[in-house]
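Numbering (my numbering), first residue to last: 3 to 327.
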């Protein structure tokens, strides 16, 4: 009897939330509206339902561009929701006065700034979607592009798949979105300047930041995150971005600084995970950070428990055999 209770306890320890796995194949639906596009990603089993809604806004063509990630988990006795929203506000050309490679408000010298939301400065096309296939995975591409009359281009593309897919050397899980930020033909005025993209990260539940690049909001069961640590290319050459931020009553203003170039491409990532499987920041990106503190049983602990289960089972069966004899 002790053996049975032990095995039952181990099973309960290993699976506090694993009845719902964000790695499972998910169903995708897409919606197209006047000023935003939406992808709905679903997973459901006998215990839980997971619903992820991803939206890309252009605010009627006036901007600023915004991305929203909302996740809901529903069980027989509870329902939890959490969201995170990223709004892209300004492009800032600046002189790096303190030489740290990142933009610091009030420290560095601003040469010029381009608003990504003022009427007539950047004109956005209606957002669109496109069905795509990578390997054996099916997904959708969300796209929004804007230009100034002078030819400065700013665009956001998001890629979501129903099963794991590898895009540009990066694995994208069904619970994630690969994001491509593109800035083209910025009219630099100074030869020694750098360029920063300003974005605001917000959630009704409040936003936490770890390792400078990883921002998340959480419910009791899951969290949604935006990770800026993706790869960067400038005029086709591999480079890196420097991230700085400022907290303002639970809202974070994030400044992503890039080297000078005519074509800047950055690949951040966003998604949802359960707390027991909170990912290492930048684990599938070119920059790797420390893992946030998770809750529950996971990682090495779960591996050890699983490894010991056959031994416990063998001992239980041997004791049972001896009793019969």
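Yeah, the Cβ is synthetic: ideal placement off N, Cα and C, and Gly gets one too. A quick note: this is a predicted structure, and the numbers were derived from the prediction, not measured.
task = Give a yes or no on whether the C-beta atoms belonging to residue 257 and residue 156 are separated by under 7 Å.
result = The count along the chain shown starts at 1 and reaches residue 257 at position 255. The count along the chain shown starts at 1 and reaches residue 156 at position 154. Not in contact: residue 257 and residue 156 (Cβ atoms no closer than 7 Å).
inquiry  = Here's a check: name, in chain order, each residue in its chain whose Cβ is nearer than 7 Å to the Cβ of residue 112, leaving out the five neighbours to either side.
reply    = As a working mapping, residue 112 is identified with position 110 in the chain shown. Same-chain partners within the cutoff: 94, 96.
request  = Determine the burial state of residue 137: buried for a count of at least 16 other Cβ atoms within 10 Å of its Cβ, exposed for fewer.
outcome  = The residue labelled residue 137 in the question sits at position 135 within the chain shown. Exposed, because fewer than 16 other Cβ atoms sit within 10 Å of the Cβ of residue 137.
task = Report the three-state DSSP secondary structure of residue 175 (helix, strand or coil).
result = On the chain shown, residue 175 is found 173 positions in, with the first residue counted as 1. Residue state, collapsed to three classes: coil.
query = Does DSSP put residue 277 in a helix, a strand or coil?
reply = Along the chain shown, one-based indexing puts residue 277 at 275. Three-state DSSP puts residue 277 in a helix.
task = With a threshold of 16 other CB atoms inside 10 Å of the CB of residue 13, please say whether the residue is buried or exposed.
result = The residue labelled residue 13 in the question sits at position 11 within the chain shown. Since pLDDT at residue 13 reaches only 30, below the 50 mark, its modelled position is unreliable, and the value read off the structure follows with that caveat. Exposed, since its Cβ has fewer than 16 Cβ neighbours within 10 Å.
Residue 85 versus residue 173: straight-line alpha-carbon distance, rounded = Residue numbering aside, residue 85 sits at position 83 when the chain shown is read from its first letter. Residue numbering aside, residue 173 sits at position 171 when the chain shown is read from its first letter. Distance between the alpha carbons of residue 85 and residue 173 is about 23 Å.
task = Measure the CB-CB distance between residue 51 and residue 76 and report whether it falls below 7 Å.
result = Position 49 of the chain shown, counting from 1, holds the residue named residue 51. Position 74 of the chain shown, counting from 1, holds the residue named residue 76. Contact: yes.
key: Best match in 67, 42, 48, 53 for proximity to residue 199 [C-alpha to C-alpha]   = To locate residue 199, count along the chain shown from 1; it is residue 197. Ranking 67, 42, 48, 53 by Cα distance to residue 199 puts 67 first.
ask   = According to DSSP, is residue 269 helix, strand or coil?
value = Start at 1 with the first residue of the chain shown, and residue 269 comes out as number 267. Coil.
ask   = Exposed or buried, which one is residue 160 when buried takes at least 16 other CB atoms within 10 Å?
value = As a first step, residue 160 is located in the chain shown; it is residue number 158 there, counting from the start. Burial call: buried.
ask   = Residues in its own chain within less than 6 Å of residue 222 by CB, not counting five upstream and five downstream?
value = Residue mapping note: residue 222 aligns to position 220 of the chain shown, counting from 1. Excluding sequence neighbours, residue 222 sits near 82.
request  = Report the rounded CA-to-CA distance for residue 259 versus residue 47, giving the unit in angstroms.
outcome  = Looking up residue 259 in the chain shown gives position 257. Looking up residue 47 in the chain shown gives position 45. The alpha-carbon atoms of residue 259 and residue 47 are separated by roughly 43 Å.
inquiry  = Does the structure place the stretch 232 to 250 close enough to the stretch 129 to 145 that three or more beta carbon pairs sit under 8 Å?
reply    = The stretch 232 to 250 and the stretch 129 to 145 do not touch, with fewer than three beta-carbon pairs separated by less than 8 Å.
message = Short of 7 Å in beta carbon distance, which residues of its chain neighbour residue 98, apart from the five on each side in sequence? Order them along the chain.
response = Position 96 of the chain shown, counting from 1, holds the residue named residue 98. Cβ within range, chain order: 110, 196.
request  = Using only alpha-carbon positions, find the residue among 53, 186, 252, 231 that is nearest to residue 26.
outcome  = Counted from its first residue, the chain shown places residue 26 at position 24. Out of 53, 186, 252, 231, 53 has the C-alpha closest to the C-alpha of residue 26.
ask   = Can you list, in chain order, the residues of its chain whose CB lies under 6 Å from that of residue 33, leaving out five sequence neighbours each side?
value = Translated into positions along the chain shown, residue 33 becomes position 31. Take residue 33, set aside five residues on each side of it, and the residues of its chain with a beta-carbon closer than 6 Å to its own are 40, in chain order.
ask   = When DSSP labels each residue in this structure, what does residue 222 get in the three-state scheme?
value = Walking along the chain shown from the start, residue 222 turns up at place 220. Coil at residue 222, not helix or strand.
request  = Take residue 100 and list the residues in its own chain whose beta-carbon comes closer than 8 Å to its own, dropping the five residues that flank it on each side.
outcome  = Residue numbering aside, residue 100 sits at position 98 when the chain shown is read from its first letter. 106, 109, 110, listed in sequence order.
ask   = By how many angstroms is the C-alpha of residue 177 removed from the C-alpha of residue 30?
value = Taking the first residue of the chain shown as 1, we reach residue 30 at position 28. Taking the first residue of the chain shown as 1, we reach residue 177 at position 175. Taking the straight line joining both Cα atoms gives about 11 Å.
key: Residues sharing a beta bridge with residue 229, DSSP   = Taking the first residue of the chain shown as 1, we reach residue 229 at position 227. 216, 271, per the DSSP bridge assignment.
request  = Please name the residue, chosen from 190, 203, 49, 167, that lies closest to residue 79 on a Cα-to-Cα basis.
outcome  = Here residue 79 corresponds to residue number 77 of the chain shown, with the count starting at 1. Checking every option, the nearest Cα to that of residue 79 belongs to 49.
message = Per the DSSP calculation, residue 259 is bridged to which residue(s)?
response = Within the chain shown, numbered from 1, the residue matching residue 259 stands at position 257. Note: residue 259 sits in a beta bridge opposite 198, 244.
Contacts around residue 90, its chain only, beta-carbon distance under 6 Å, and the 5 residues preceding and following it disregarded = Start at 1 with the first residue of the chain shown, and residue 90 comes out as number 88. Result list for residue 90: 66, 67, 118, 201, in chain order.
key: For residue 301, the three-state DSSP class (helix, strand or coil)   = Taking the first residue of the chain shown as 1, we reach residue 301 at position 299. Only weak support is given to the placement of residue 301: the predicted model assigns it a pLDDT of 39, under 50, and the question is left unresolved by the model.
task = Helix, strand or coil for residue 84, going by three-state DSSP, please let me know.
result = Sequence index remark: in the chain shown, residue 84 carries index 82 (1-based). Strand.
request  = Using 10 angstroms around the beta-carbon of residue 224, count the other beta-carbons present and answer buried if the total reaches 16, otherwise exposed.
outcome  = Along the chain shown, one-based indexing puts residue 224 at 222. By the 10 Å Cβ count, residue 224 comes out buried.
ask   = Can residue 162 and residue 179 be called in contact, C-beta distance under 7 Å?
value = Start at 1 with the first residue of the chain shown, and residue 162 comes out as number 160. Start at 1 with the first residue of the chain shown, and residue 179 comes out as number 177. With respect to residue 179, residue 162 sits close: the two C-beta atoms are nearer than 7 Å.
query = Between the C-alpha atoms of residue 264 and residue 219, what's the straight-line distance to the nearest angstrom?
reply = Numbered from its first residue, the chain shown carries residue 264 at position 262. Numbered from its first residue, the chain shown carries residue 219 at position 217. Distance between the alpha carbons of residue 264 and residue 219 is about 34 Å.
request  = Report yes if the CB atom of residue 71 is closer than 7 Å to the CB atom of residue 226, and no otherwise.
outcome  = Locating residue 71 in the chain shown gives position 69, counting from the first residue. Locating residue 226 in the chain shown gives position 224, counting from the first residue. In this structure, residue 71 sits near residue 226, with a CB-CB distance shorter than 7 Å.
query = Got a sec, what are the start and stop residues for the beta strand (DSSP E) residue 54 sits in?
reply = On the chain shown, position 52 is the one that residue 54 refers to. It spans 51 to 59 - the beta strand (DSSP E) in which residue 54 sits, taken as one unbroken run.
request  = Leaving aside the five residues before and after residue 169 along the sequence, list all residues of the same chain whose C-beta is less than 8 Å from its C-beta, in chain order.
outcome  = Working through the chain shown from its first residue, we reach residue 169 at position 167. Excluding residues within five positions, the ones whose Cβ falls inside 8 Å are 136, 161, 180.
request  = Look up residue 79 in the DSSP assignment and say whether it is helix, strand or coil.
outcome  = Taking the chain shown and counting its residues from 1, one reaches residue 79 at position 77. Coil, per DSSP.
key: Which of helix, strand or coil DSSP assigns to residue 104   = Here residue 104 corresponds to residue number 102 of the chain shown, with the count starting at 1. Residue state, collapsed to three classes: coil.
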